[in-house]
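Novice: So the protein lines, in turn, are chains A, B, C and D.
Using the working numbering, the first residue of the first sequence is number 1, and each one after it goes up by one.
Using the working numbering, the first residue of the second sequence is number 1, and each one after it goes up by one.
Using the working numbering, the first residue of the third sequence is number 1, and each one after it goes up by one.
Using the working numbering, the first residue of the fourth sequence is number 1, and each one after it goes up by one.
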Amino acid sequence: MSTPKRIVNALAMPVVTLVVLQTLCLLNGQSVISNMKSFDNFIVYTAIVMITTMALSINLNSGRFDFSLGSMAGLSCIIGAKITYGILSGGNGSAPLMLCISLVAGVILGLISGLTYCTLRLPPIIVSLGVTLVYEGIMYTITGGKYVMSEVQNPSMSGLTGTWVYAALIIAAVLAFMIITFDKTAFGYDYNALKSGQKVAVATGINEVKNTLICYGISGGLMGIVGTLNAARNTTINGGQLNFGSIAIMFTAFLPMFIAGYIGRFTNEKIGFLLAAVCMSLLNSTFAVFSNSVNATMQSIINAVLLVVFLIYLNNNDLIKRLLKA
Amino acid sequence: MNKPVLEMKNISKRFGSVVALNEVDLEVYPGEIRGLIGENGSGKSTISSIAAGMQKANEGEMFFKGNRWEPASMIDALNKGIGMVVQESGTIGGISVAENMFLAELGSFKNKFGLVDKNKLERKADEALKSVGIAGISGRDAMGRLDFQDRKLVEIAKVIMKNPDILIIDETSTALSHDGRQIMYSLIRKMRNDGKSVIFISHDLDEIMEVCDTLTVLRDGNIIRTFEKEEFEADAIRSSMIGRELKGDYYRADTECTSLDEVVLSAQSLNYKDNLKDVSLELHRGEIVGVGGLASSGMHDLGEALFGALKLDSGHVICGSGKEILSPHNAMGQKIGYVSKDRDQKSLCLDASIKDNIAIAGMNIFKNKINLVTSSGEKRYVKKQVDELKIKCSDMDQAVGQLSGGNKQKVVFGKWIGCGSEILILDCPTRGVDIGVKQAMYQLMVKLKNEGKAILMISEELPELIGMSDRVLIMKDGEITREFKRSSTLSEGDIISYMI
Amino acid sequence: MNKKLTKVIGLIMAGAMTVMAGCGNSAPAAQGSADNAASAQGAETTTQPSGKTKKIGVLVADVSGEEALGFRNYYEKYIQENYDVTFDYTDALASAEDEKAAIEKFASKGYDAVISLSSSDRAQQIETCEQYGLYYAIASGVLDDEQYEKYKGYEHFVCQIGPSNATEFEAGKAMGEYFKNQGVKKVALYGAFIPNPMHVFRAAGILTGLGCTYGGANDMEAIVGQIFQDQGIDLSKVSGDVELVAYLQGYGDTTTDELGAAIQKAPEAFLSVGMATTFFAQTLSQENIPFADIDSFTAMNSQSMESGSLKYLAGKYSSSIGPVFALVSNAIDGNLIRNDEGNAVSLNQGYLVATDKATFDEYFVNDNGDSPIYSKETLDSIIGSQVTYQDVKSLVESK
Amino acid sequence: MTDKRKTNIKQKLISLLPIAALLVLFAVFLVVVSINGYRLDMYLKIVFNEALVLAVVATGAIFIYTLGTFDISLGASTLFAATMGVMTYNKTQSLILMIVAIFAVGITASLLNSVLASVFHIPPFVTTVAMMSVLSALSAQIITSYGGALGGISIPSEVVKPFDNIGFKAMLLIAFFAICFFVFQFTKAGRRMKFVGGNPICAELTGIKASKYTILAFVMAGIGIGLGAFLTLCYTPSVTTTTASSIGMNIFIAIVFGGMPISGGARSKIYAALIGGFSYILLNDILEIVIDSSAAYGITQVISAVFFLAVVYVTSMNYRTALLPR
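(1) List, from N- to C-terminal side, the alpha helix (DSSP H) runs of 4 residues or more that fit wholly inside the stretch 87-130 of chain C.
(2) Compute the Euclidean distance between the alpha carbons of Asn82(C) and Glu377(C), then round it to the nearest angstrom.
(3) For the beta strand (DSSP E) containing Arg14(B), list its first residue and its last residue.
(4) Measure the C-alpha to C-alpha separation of Ser346(C) and Tyr65(D) and round it to an integer number of angstroms.
(5) For Val107(A), does the count of other Cβ atoms within 10 angstroms reach 16, so buried, or fall short, so exposed?
(6) Is the Cβ-Cβ distance between Ala229(D) and Leu79(D) less than 9 Å?
(7) Hey, quick one: how far does the beta strand (DSSP E) through Leu287(D) stretch, first residue to last?
(8) Give me the Cα-Cα distance between Glu221(C) and Asp340(C), rounded to the nearest whole angstrom.
(9) Take Ser327(B) as the anchor and find which of Asp76(B), Gly303(B), Lys384(B), Glu70(B) has the nearest alpha-carbon.
(10) Can you tell me whether Ile83(A) is helix, strand or coil according to DSSP?
(11) Give a yes or no on whether the minimum CB-CB distance between Asp91(C) and chain D is below 9 Å.
(12) Is the Cβ of Ile299(D) closer than 9 Å to any Cβ of chain E?
(13) Which residues does DSSP pair with Lys316(C) in a beta bridge?
(14) In three-state terms, what does DSSP make of Leu456(B)?
(15) What does the alpha-carbon distance come out to for the pair Leu323(D) and Gln198(A)?
(16) Would you identify the three-state DSSP class for Gln160(C), choosing helix, strand or coil?
(17) Report the three-state DSSP secondary structure of Met54(B) (helix, strand or coil).
(18) Considering only DSSP beta bridges, list what Val148(A) is partnered with.
(19) Is the Cβ-Cβ distance between Tyr374(C) and Gly322(C) less than 9 Å?
(20) Tell me which residues share the same chain as Ala277(A) and place their Cβ nearer than 6 Å to its Cβ, disregarding the 5 neighbours each side in the sequence.
(21) To the nearest angstrom, report how far apart Val433(B) and Ile391(B) are at their CA atoms.
(22) Determine the burial state of Ile208(D): buried for a count of at least 16 other Cβ atoms within 10 Å of its Cβ, exposed for fewer.
(23) Going along the chain, which residues of its own chain have a beta-carbon closer than 7 Å to the beta-carbon of His284(B), five neighbours each way excluded?
(24) Using a Cβ cut-off of 7 Å, which residues of the stretch 253-270 of chain D contact any Cβ in chain B, in chain order?
(25) With contact counted as at least three CB pairs below 8 Å, one residue from each stretch, are the stretch 145-152 of chain C and the stretch 121-132 of chain C in contact?
(26) Which residue from Glu66(C), Val242(C), Val60(C), Leu59(C) puts its Cα closest to that of Phe364(C)?
(27) Residues of the stretch 111-130 of chain C with a CB closer than 9 Å to any CB of chain D: list them in chain order, please.
(28) Please name the residue, chosen from Gly60(D), Leu25(D), Phe103(D), that lies closest to Ala81(D) on a Cα-to-Cα basis.
(29) State the Cα-Cα distance for the pair Lys82(A) and Glu151(A), rounded to the nearest angstrom.
(30) Specify the secondary structure class of Lys194(D) as computed by DSSP and reduced to three states.
(31) Return the CA-CA distance between Ala20(D) and Gly276(D), expressed in angstroms with no decimal places.
(32) If we call anything under 9 Å between Cβ atoms a contact, is Ala359(B) one with Glu388(B)?
(33) Any idea if Lys3(B) is buried or exposed, counting beta-carbon neighbours within 10 angstroms, 16 or more meaning buried?
(34) In terms of DSSP beta bridges, what is Val263(B) paired with?
(35) Taking 8 Å as the threshold, find out whether the stretch 64-81 of chain B comes into contact with the stretch 13-28 of chain B through three or more Cβ pairs.
(36) Might you give, ordered along the chain, the residues of its own chain that have their beta carbon closer than 6 Å to the beta carbon of Phe266(A), omitting 5 neighbours on each side?
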């Protein structure tokens, strides 16, 4: 496939999404993104979706199902919020400090999760069930099951998501980090080798445990960022998510992950994540436009239906292509 | 001779309670091509993979060029002078050829920013491929796009480019065509000429006798005997491999082409992608039809197609009753059994017990009056197969994954014979099976033929095709190019030219 | 094998560590309550009416809301210190099954009574308590009339004391009127957890107070009925002088975006039927949008009032659940008070409104620390074997 | 040979471990309850009621897990079935029709999953994610629309009162378990499902139609859902939006706790859900009694998760590989 054709193919998805949704909104007399405020929201949400999807994909691509993403996001940003508040009491620089601490906490939580997996050598899905419960439990214990509010309600935090600039910087930084780490470093090459040929790669001498730990660490760190962004956006963190209350966040990442997989056929997979997140964020902005007529129930039904429809298209598209080729 | 380049002393290796190697000593000298031969599970792959750093011995010590030899991994061993081309695929499909060749050592391609220099990587790979004499493959290519033979060649290049002192080749030639083999043989000769050593592992006695200077026979984790070139003699080697004289016939005793008239299965103009082109054949009651060719000839697809497991582009598979076979479900209904070449992936459920694996196809036979599957009926049914086929196991609840290759294959046979299959499609039935079991399989096939069953045997080994078949069909590029009738004068030389 | 052993030991150690960590974490809490107990003993050594410590289970669905926290503090800190009683709070109960299981556990632990702040299935709660002989009282919200009629004769159903639905409606209406009189033209409305009845009545009240009609109707019954039907408020059905520019409800993934969308429509005030401080105070004060809420007098709301973003608060004080305790306590001691018809007590509590810091502080400070509105002295007047329905009624209605 | 036999005996012993865990937990439970002077008879009843619905739905779900896939919509399906049951009763005043409706809806919802999966070639897991959102959203819509001021919908408690006794429920549980056991152990279908889970390719080449058994498995799960929904209604005759919400993920825990690998296949055990479900509930109740503080819900969850991982670790001791499992 030629480069221009690739670009066209890669951009097709977000462009079509934009056109369809914009048309819908115009019929309602509005625009998907009508002013600066909604643009800010759009970029922030894009960042959240993109990073969550990346965190999910890192392990899922290697066949490791991780239910603990949501609990890592929650716990890491609660730790970040508590420590930051302890140091700055909500003063200037709270947001960047919290972002850093949550990131580090996320990495550590990810590493613990990965270490548990590598030590127990149980199927990752089972380990992640246990880890999720543990992290939720710790979260509950720290917060007493309450919303964390005063720690994250300060001008610095609301500044973080109050403008598109920081979210855009975060997107750029994460994207650059992911592309460099997974496409350019020896770790990334080893990751790809392990992903498609675990047995051979291990026999040849790639250190699987080390590679896996790094994956979990990165995934956790990304969720730390997501947690902070969500905390700033929602102005609260829910500390009382016992009994798998935290896993919902990963389900929202499925649709963008499949979209990213599709776009990734034509371009770098990580760019695919960004473009998929843009699609999801456009949809989200549209929901905001229609918030008076489309309630949360409808939204979740629409999301679910889109997921199924897209997968039907994706899987049967392959089938059709295969039939045509023959 | 001079000092050995590799000394292995008192090497023991256990997998759980299974002793794979029992205090084995092995010495390899410079300029020597050493063959390792033995039945499955004899320990030949284990000992060579220990030398190559793929796994660690429980006991014993090794010396390489006079120094203690403790490789950390395969790549470590390779960099220090011992490289191995492994039996199963040693390459990864999802990444490029260059990445495969430098797997686990991409750290050495870092540029000044600490990132992997892709151009340098691909350049190095291209150079290495060229120097080994492999044309038509570039380091940039996606490994997944290459066929099996090219993958194997990449693997060989990967080892050779490190210029190892000892090259270990484990069961590789079966994957290679004539050309591929020539590349490999010339590399082996070059190694010898350079004063380096080769450890060559193969099931193919003829090949190993031709290639090697010395030949070490292993059995049950022990070294039985080492033959020098002048002592090479097929029967002696065989009997030391199995630890007894082979009694009775190896292949079929008769040389007549015999079968009944009744056609039990016919293929009519089968087309499937590029792999099957207008293939037609007939299989008769009491007949063994052999299908030979290169791995890529389409013959393996033919096996699946006859069993209804492929969605054909056109053509029909009709069985004796006149019914068309459209799915494996249909095929089973018509008493057809299929033994896949890819035994572990396609013919067995490794986690499941011997009992489960054999019983799964025969439930209609041992079910009770009200259609229920009872444990007693099942046990009786399975025990019969285990006894008749002499499957070696602790009990029938043992997981199939724990069995040796030969016994696994017996389980597959038991599954299909037990349920009363009248037609057996056997794809490489003796692949990875040791001589003792092989002989038993051949005798079983003769017995089945005499009972009036029809067998279609697909094989990459010409001797067994010639030795067993009433008719041999040769395939090339998806077409049947020639048919040979059974005769005492039929030789490999007659056939090979139609394959390549 | 040895390796496996090491791992098992490691696991056990890890388990032990968690337990220890857990203890470490709960230790300060335990210490705290010990302190409390000590100070309680110091302050109060006289009143120990019956020998046995009363055990009361509290059903809660919300463990994090401002109001819920206030209630909890009052019971666990104040009442527990001053009376010989222990309160056992449940975890956040998610469903009717959870409520029933919790009651059964209270029963098998030999508890005396259950006070309910959880409303998944109140009928079920009453029936279960009746079955196990536990006294039962409702401290937040009230049964709807039909249910009250059905259960009022149950022997163990002690009382329900709280704002009636009509009171909820009036509270909303007062808020609406306040803003209408301020000359506000464009407002946004947060319906909290509609179709939670409490929130529906408040929302209907706000609409009425703003002088709006809903689907052409302007009386409580009709508006409430339609809101239940619509599962929320349909902006297209609202008409009146004051424009309702945005409406949102619930709290979830999309709330932040909905709030953003609402803010973009530049409302002059953001009216909420509950929980606004918890969820939106930060954003609203950032955007300089004044807001109003029906909540309770707590520190968090005090901050918002001080910063000037919270303009109007209709609230319950945290000690408003004091009389419920008093009645339950009496019932346990054998004085089961019934109303004039001989049924379970059902009393209405009103809201206090603060529109400036001074008023707010008056209620807030009054209800905090050592002298809550329902202080020990006040409660003691309705605790005892001689207390009658009239005593309780007049006290509750006076506050 | 004797060594192999030893290994086999050891394996058998380890496979009995989940049962041992259940017995130990039960003993500890008895001790803990009596030490605290709580009423044992009532507490036993509570445990039974708590574990019952979980065990029933999870036992039905074993068939799905056996096939090597999993379903996270089971909690939502149970909610939806119960919702439709209540609606039916309130429309028709007929207990029979209500029961018919519950089972019909349970089976249909479950079937829809399998049909989407097998007709459109979507991984069953993804369809269940979508199904979960749709069913819970639909139920919420129905419950809040009709529940109005009560916040939930209900049938008169007299209707199901006769069924709310341990004897009847235990009978239903035993009957359902017996049916499942029978199908699993004594029919060709049961055997084939295990085989499909163990190696789907080999199963296909043994003439087993995987799609047929996928559908059958989901039907069995559907029956479990129906029964679970009915039992939920017997316990509390009302349905709120959160009814059955806790069982969704606990099914995973129950099945794994009961000693079955999450990947299904040959080592699937029909009794895993029953054992695991009761063990898990006992464990949680023990911890709840021992750590008797309402601030401790987080800690309780952490300990129970660690215990869960430890038991699963020991049970799967025999199946370690050099590679990290996926």
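Ideal placement from N, C-alpha and C gives every residue a C-beta, glycine not left out.
Since the model is a prediction, treat every value here as computed from it, not as a measurement.
Specialist: According to the structure data:
(1) Qualifying alpha helix (DSSP H) stretches, in chain order: 96-108.
(2) Your numbering for residue 82(C) matches position 82 in the third sequence. Your numbering for residue 377(C) matches position 377 in the third sequence. Cα-Cα distance, rounded: 10 Å.
(3) On the second sequence, residue 14(B) is found 14 positions in, with the first residue counted as 1. Under the DSSP assignment, Arg14(B) falls in the beta strand (DSSP E) whose first and last residues are 6-15.
(4) Residue mapping note: residue 346(C) aligns to position 346 of the third sequence, counting from 1. Residue mapping note: residue 65(D) aligns to position 65 of the fourth sequence, counting from 1. Within the model, the alpha-carbon separation for Ser346(C) versus Tyr65(D) is close to 52 Å.
(5) Counting from one through the first sequence, the residue named residue 107(A) turns up at place 107. It is buried - the Cβ of Val107(A) has at least 16 other Cβ atoms within 10 Å.
(6) Working through the fourth sequence from its first residue, we reach residue 229(D) at position 229. Working through the fourth sequence from its first residue, we reach residue 79(D) at position 79. Contact: yes.
(7) As a first step, residue 287(D) is located in the fourth sequence; it is residue number 287 there, counting from the start. Segment 272-290 is the alpha helix (DSSP H) holding Leu287(D); no beta strand (DSSP E) there.
(8) Numbered from its first residue, the third sequence carries residue 221(C) at position 221. Numbered from its first residue, the third sequence carries residue 340(C) at position 340. Roughly 28 Å separates the two Cα atoms.
(9) Residue 327(B) sits at position 327 when you count from the first residue of the second sequence. The shortest Cα separation from Ser327(B) among Asp76(B), Gly303(B), Lys384(B), Glu70(B) belongs to Gly303(B).
(10) Position 83 of the first sequence, counted from the first residue, corresponds to residue 83(A). For Ile83(A), the three-state secondary structure derived from DSSP is helix.
(11) On the third sequence, position 91 is the one that residue 91(C) refers to. Yes, because at least one Cβ of chain D sits closer than 9 Å to the Cβ of Asp91(C).
(12) No chain E is present in this structure, whose protein chains are A, B, C and D.
(13) Against the third sequence, residue 316(C) aligns to sequence position 316. Its beta-bridge partners are Ser296(C).
(14) Taking the first residue of the second sequence as 1, we reach residue 456(B) at position 456. Looking at Leu456(B) - three-state DSSP - the assignment turns out to be strand.
(15) Position 323 of the fourth sequence holds residue 323(D). Position 198 of the first sequence holds residue 198(A). Rounded to whole angstroms, the separation of the alpha carbons of Gln198(A) and Leu323(D) is 8 Å.
(16) Counting from one through the third sequence, the residue named residue 160(C) turns up at place 160. Three-state DSSP puts Gln160(C) in a strand.
(17) Stepping through the second sequence from its first residue, residue 54(B) is reached at position 54. Under the three-state reduction of DSSP, Met54(B) is assigned to coil, being neither helix nor strand.
(18) If you number the first sequence from 1, residue 148(A) lands on position 148. For Val148(A), the beta-bridge partners assigned by DSSP are Ile237(A).
(19) As a working note, residue 374(C) is residue 374 in the third sequence. As a working note, residue 322(C) is residue 322 in the third sequence. Cβ distance < 9 Å, so Tyr374(C) and Gly322(C) count as in contact.
(20) Residue numbering aside, residue 277(A) sits at position 277 when the first sequence is read from its first letter. Only Thr46, Val49, Met50, Pro256 meet the Cβ criterion.
(21) Mapped onto the second sequence, residue 433(B) falls at position 433. Mapped onto the second sequence, residue 391(B) falls at position 391. Each residue's CA atom was taken as its position, placing Val433(B) and Ile391(B) some 13 Å apart.
(22) Reading the fourth sequence from its first residue, position 208 is the one you call residue 208(D). When all chains shown are included, Ile208(D) counts as buried.
(23) Residue mapping note: residue 284(B) aligns to position 284 of the second sequence, counting from 1. Cβ neighbours of His284(B) beyond the five flanking positions: Ser259, Leu260, Asp261, Glu262, Val263, Val264, Ala454.
(24) Residues of the stretch 253-270 of chain D whose Cβ lies closer than 7 Å to any Cβ of chain B, in chain order: Gly265, Ala266, Arg267.
(25) For the pair of segments examined, the stretch 145-152 of chain C was found to touch the stretch 121-132 of chain C: the number of CB pairs separated by less than 8 Å reaches three.
(26) Along the third sequence, one-based indexing puts residue 364(C) at 364. By alpha-carbon distance to Phe364(C), the top candidate from Glu66(C), Val242(C), Val60(C), Leu59(C) is Glu66(C).
(27) Residues of the stretch 111-130 of chain C with a C-beta less than 9 Å from any C-beta of chain D: Ser119, Ser120, Asp121, Arg122, Ala123, Gln124, Glu127, Thr128, listed in chain order.
(28) For the purposes of this step, residue 81(D) is taken as residue 81 along the fourth sequence, with counting starting at 1. The option with the nearest alpha carbon to Ala81(D) is Phe103(D).
(29) Position 82 of the first sequence holds residue 82(A). Position 151 of the first sequence holds residue 151(A). About 6 Å.
(30) Here the question's residue 194(D) lines up with position 194 in the fourth sequence. The three-state reading of DSSP puts Lys194(D) in helix, counting H, G and I together.
(31) Position 20 of the fourth sequence holds residue 20(D). Position 276 of the fourth sequence holds residue 276(D). One C-alpha to the other measures close to 11 Å.
(32) The sequence position of residue 359(B) within the second sequence is 359, counting from 1. The sequence position of residue 388(B) within the second sequence is 388, counting from 1. Taking a C-beta distance under 9 Å as the contact criterion, Ala359(B) and Glu388(B) do not qualify as a contact pair.
(33) By 1-based counting over the second sequence, the position of residue 3(B) is 3. By the C-beta density criterion, Lys3(B) is exposed, having fewer than 16 other C-beta atoms within 10 angstroms.
(34) Here residue 263(B) refers to the residue found at position 263 of the second sequence. Val263(B) is bridged to His284(B).
(35) Too few Cβ pairs lie closer than 8 Å, so no.
(36) Taking the first residue of the first sequence as position 1, residue 266(A) is located at position 266. The answer, listed in chain order, is Arg6, Asn9, Ala10.
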